[in-house]
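Read top to bottom, the protein sequences are chains B and E. The first sequence runs 1 to 193 under this note's numbering. The second sequence runs 1 to 651 under this note's numbering. From the three backbone atoms N, C-alpha and C, an ideal C-beta is built for every residue, glycine too. Quantities reported herein were computed from a predicted structural model and do not represent experimental measurements. Remarks on the structure that follows.
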Amino acid sequence: MSFLKAIISRKTGRAAVEPGFILFAVLLSFGALTPSQNETTKEYQVKAVFLYNFTQFIEWPPEAFPQPDAPLVIGILGPDPFGKYLDETVQGEKINGHPLVVHRFRTLAEIGHCQILFISTDEKNQWKQIFEYAKAQHVLTVGDVTNFQKQGGMIRFFPEENKIRIRINLTSVKNADLKVSSKLLRLAEIIEP
Amino acid sequence: MPHTGKRHPARLIMSVILLIAAVMLFPPRAYAQAPGHSFQVDTLKKLSLEELMNVEVTSVSKRPEKLKAAASAIQVITQEDIRQSGATSVPEALRLAPNLQVAQVNSSQWAISARGFSNVLANKLLVLIDGRVVYTPMYAGVFWDVQNLVLEDIDRIEVISGPGGTLWGANAVNGVINIITKNSKDTQGLFAEAAVGTKLRGLGSLRYGGKLAKNLSYRVYGTAFKRGSTIFHPDSVETNDDWTMAQGGVRLDWQATENDAVAFQTNVYNDRPDPDGDNPIVARGSNALARWAHTTSDQSNLQLQVYYDHTWRDFRNGFTEKLNTYDVDGQQRFRLGQRHEIIYGLGFRYMEHDVTNLELFAFEPAKKSLYLFNVFLQDEIALVKEKLRLTLGIKVEHNSYTDFQYQPNARLNWTPTPTQTLWTAVSRAVRNPARIDREFFLYLAPQLPFVAGSNFQSEEVLAYELGWRIQPHEGLSVSLATFYNVYDNIRSVEPGPPPLGIPITFGNGVKGNTYGAELSATYQLNDWWRLRGGYTYLKKNLEVKENSSDANQGSAESNDPSHQVLIQSMMKLPGRIELGTVLRYVGALPKPKVSEYVGLDIRLGWKLDKRIELNLVGQNLVKSSHTEFIPSSQVAKDIERSVYAKVVCRF
């Protein structure tokens, strides 16, 4: 603690230093500590972990998987906001014998076998086709764009007071033969259009 | 720490800053190695779904969008700011707004104002709790002793200094305090707190939140406290002005559809303040509010609100005050074309004010029905998309005492870059007459009035504001607001005709101007340290008008500091320890003279596990006691240094 004493005793001596100046200097010197911008944002880190959690709180019908030990695929359609974070989250994880993997689809035409599809495109005319496909193939559709659910999307992330909330369109989920655990239902907002 | 007895406050502030800086220069190891701003995958994966939903994902400084874009001097105190400050009451929490003047007068009374005119009876602020107006039409001020809440349930407090503009109600002359509590879906589970200390003799709160249906949540709470006395200045004798209170309430929130939210809340309280230290006042009240909001998008919503508020206060000298308020408000916001965003609304308030008079101290008539009707319209025009916005608004009011009152305002908002806003505004606001201005009589003997009712008119202000807000990088935001206010028809005390000079009446004989600046900043230095604070300068030039012989020589019964500084530091240290520091400097008050002082509060919080948190808080640590405000007719009372310990459980 001797450095403290040294600083304080120097302060109480003659040389008057403006307190404002010290604060300013301190603030400036630490401005450099701000994070780099190219990492996954906190928002999408949390959303990635939500996607991982959905694999435990959603029940798929057996026909959603080609084989009993087939991987459970989390697909991302459109620009990928998660970076490596989602891969790190699901790495080495298994749900009911299905290893978790992440696939990325740049366009609608590329979409292949998957159980969860995170849709980051906001082209609404594509949504209709995607939702038709999801209903037939038992795919849980997840998005965070406004109106996502009005058009038939199943789970939407929405921001509220700095936190991430979940809204579930129960009709769409049921139409795709998916079951949502009561725990997830309890915490989410439910809409049944 | 070196002894602080006779040191100049500026020195003390410097030492504390240096201490903070020193701690920061040598950060604890565990934290130095932690990755900057991201969450560890393993940490997040271990959280339950509930916990995941409570993770904050954006830096607080950019949270409320209106904070960045608003063309007004708005500052926000968040729940986290309050929790980490160790504040134990609403007025103590308001000390965290650098643009407010908050002074404790005695154990239960406070003088709170913005941009000057502070007094125990300060009457130029509009104070709302969840949309319910809490000032009394008796004197247009607030009985702060009955504005109580479980502080944990507050979501945020928005403080706007300057005229509230069109959107806020009457009385928003110098500022608006808007206290917003959490939605009950965010207060699920059990919360219990118990505190004991030297001034805060005891405080206990219990709250439970649950769900009645999938989109219908509720919370029920009860809270009670006892606070000890202040001491007389300068002889340090106990004043016996201790204060006890009990309160309870319920809040229901129903997300009826994706676009419709309904809230209902009700509170009851029983309060025993004793500002004079002889015989405790009895204050009881209850209120109930219902609100329906239909939101279709960010720019389109409709809101309806009704409330009822009952207060009753027995001053225990025979004088009692009863007030029943009924209020209904509606407003709609929508987009018109590409450039216009319109808000309009109407409100009606009906108040039954009923006092029991004393022989020589009376409001005449004793019982009076008051009303206040308002209609407002505002157009926010995008002159250049996302760069330049012009807001034009007008509010028209009618009340029981005066003619129609017009309160227009124009605001221009220029956002040259996404991180910078320059704004300017011109607005007119009025303070309508309160009962005390018109109907108060004080008699020397029956039929011989010393003070008599008069034809007092509204006080007026024309405010010119210029502000700048900048966010140089994600963690730092700085705001500077400057103002020049021109006042007219401010209340004066006019002597009666000679030779006796009685009865004295209230007139509108004071005018003048005030100007000043409010600088504030918040800085999230890293994951574990946040700083916020500000500096406020105020200069007041009031004069007596030619036709007036104001007995107060133009003081407007107010007493304000010219300089005020606030620095709040919030640190999360290793071992689940939190260290919160609030340092404030308040300059001297001119008349009656009160010396400048430095207040220092320190909170040490320790999270034993997810459920239990221990707190040790020291308040007003710098001196053994200090005066903050002297009401005109009374002796000075001092606030003592105090300590309390608190246990908090969350299940």
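Leaving aside the five residues before and after residue i along the sequence, list all residues of the same chain whose C-beta is less than 8 angstroms from its C-beta, in chain order.
i	result
Ala73 of chain E	Asn99, Ile160, Ser161, Gly162, Glu465, Gly467, Ser479, Ala481, Phe483, Glu518
Pro495 of chain E	Gly501, Ile502, Ile504, Ser549, Ala551
Asn259 of chain E	His294, Thr295, Thr296
Glu543 of chain E	Val510, Lys511, Gly512, Gly554
His103 of chain B	Val73, Ile74, Gly75, Ile76, Gly112, Cys114
Apart from the five residues just before and just after residue i, which ones in its own chain have a Cβ nearer than 6 angstroms to its Cβ?
i	result
Phe506 of chain E	Asp437, Ser454, Phe456, Arg491
Lys367 of chain E	Asp354
Ser217 of chain E	Ser184, Lys185, Lys211, Asp253
Gln247 of chain E	Asn148, Thr223, Tyr269
Leu476 of chain E	Tyr523
Ala256 of chain E	Val262
Asp274 of chain E	Asp241, Pro280
Asp130 of chain E	Thr181
Given a threshold of 16 other Cβ atoms within 10 Å of its Cβ, counted over all protein chains shown, does residue i qualify as buried or as exposed?
i	result
Glu193 of chain E	buried
Gly197 of chain E	buried
Val60 of chain E	Interpretation of Val60 of chain E is limited by its pLDDT of 31, a score under 50 that renders its predicted location unreliable; no figure is taken from the coordinates.
Glu51 of chain E	exposed
Tyr371 of chain E	exposed
Val493 of chain E	buried
Val719 of chain E	For chain E, the structure presents residues 1 to 651; residue 719 of chain E sits outside this window and is missing.
Pro137 of chain E	buried
Val146 of chain E	buried
Asn54 of chain E	exposed
Lys124 of chain B	exposed
Phe117 of chain E	buried
Asp144 of chain B	buried
Glu386 of chain E	exposed
His98 of chain B	buried
Ser236 of chain E	exposed
Asn147 of chain B	exposed
Taking DSSP as the reference, what is the three-state secondary structure of residue i?
i	result
Ile82 of chain E	helix
Val145 of chain B	coil
Ala64 of chain B	helix
Thr230 of chain E	coil
Glu193 of chain E	strand
Met571 of chain E	strand
Ile190 of chain B	strand
Lys183 of chain B	helix
Leu269 of chain E	Inspection of the sequence shows that residue 269 of chain E is occupied by Tyr rather than by Leu. Strand.
Asp42 of chain E	helix
Met351 of chain E	strand
Gln45 of chain B	helix
Gln91 of chain B	coil
Lys128 of chain B	helix
Asn123 of chain E	coil
Asn489 of chain E	strand
Glu439 of chain E	helix
Gln115 of chain B	coil
Phe334 of chain E	strand
Phe57 of chain B	helix
Lys199 of chain E	coil
Trp168 of chain E	coil
Leu694 of chain E	The displayed coordinates of chain E run from 1 to 651. Any statement about residue 694 of chain E would go beyond what the structure contains.
Cutting at 7 angstroms between CB atoms, please list the residues of its own chain near residue i, excluding the five before and the five after it.
i	result
Val102 of chain E	Pro91, Leu94, Arg95, Trp110, Ile112
Asp140 of chain E	A quick correction: the sequence has Ala, not Asp, at residue 140 of chain E. Excluding residues within five positions, the ones whose Cβ falls inside 7 angstroms are Asn123, Asn171, Arg431, Ala434.
Pro631 of chain E	Val105, Val120
Thr187 of chain E	Asp153, Arg207, Gly209, Arg219
Asp202 of chain B	Given that chain B is displayed from residue 1 to residue 193, the structure contains no residue 202 of chain B and the question cannot be resolved.
Per the DSSP calculation, residue i is bridged to which residue(s)?
i	result
Leu52 of chain E	Answer is none; Leu52 of chain E lacks a bridge partner.
Gln137 of chain B	Answer is none; Gln137 of chain B lacks a bridge partner.
Pro159 of chain B	B:Ile164
Tyr523 of chain E	E:Leu476, E:Leu531
*Compile a chain-ordered list of the residues in the region 103 to 132 of chain B whose CB is closer than 7 angstroms to at least one CB of chain E.*
Of all residues in the region 103 to 132 of chain B, none has a C-beta nearer than 7 angstroms to a C-beta of chain E.
*Positions along the region 463 to 489 of chain E whose CB lies within less than 8 angstroms of some CB in chain B*: Pro472, His473, Glu474, Gly475, Leu476
_Near-chain B residues of the region 240 to 273 of chain E (beta-carbon distance less than 8 angstroms), N- to C-terminal order_ = When C-beta distances to chain B are compared with 8 angstroms, the residues of the region 240 to 273 of chain E below that value are Gln255, Thr257, Glu258, in chain order.
*Residues in the region 196 to 224 of chain E with C-beta within 9 angstroms of chain B's C-beta atoms, listed in sequence order?*
Lys211, Lys214, Asn215
_Short of 8 angstroms Cβ to Cβ, which residues in the region 76 to 90 of chain B face chain E?_
Tyr85, Glu88, Thr89
*Can you list, in chain order, the residues of the region 172 to 193 of chain B whose Cβ is nearer than 8 angstroms to any Cβ on chain E?*
Taking 8 angstroms as the Cβ-Cβ cut-off against chain E, the residues of the region 172 to 193 of chain B that qualify are Lys183, Leu184, Leu185, Arg186, Leu187, Glu189, Ile190, Ile191.
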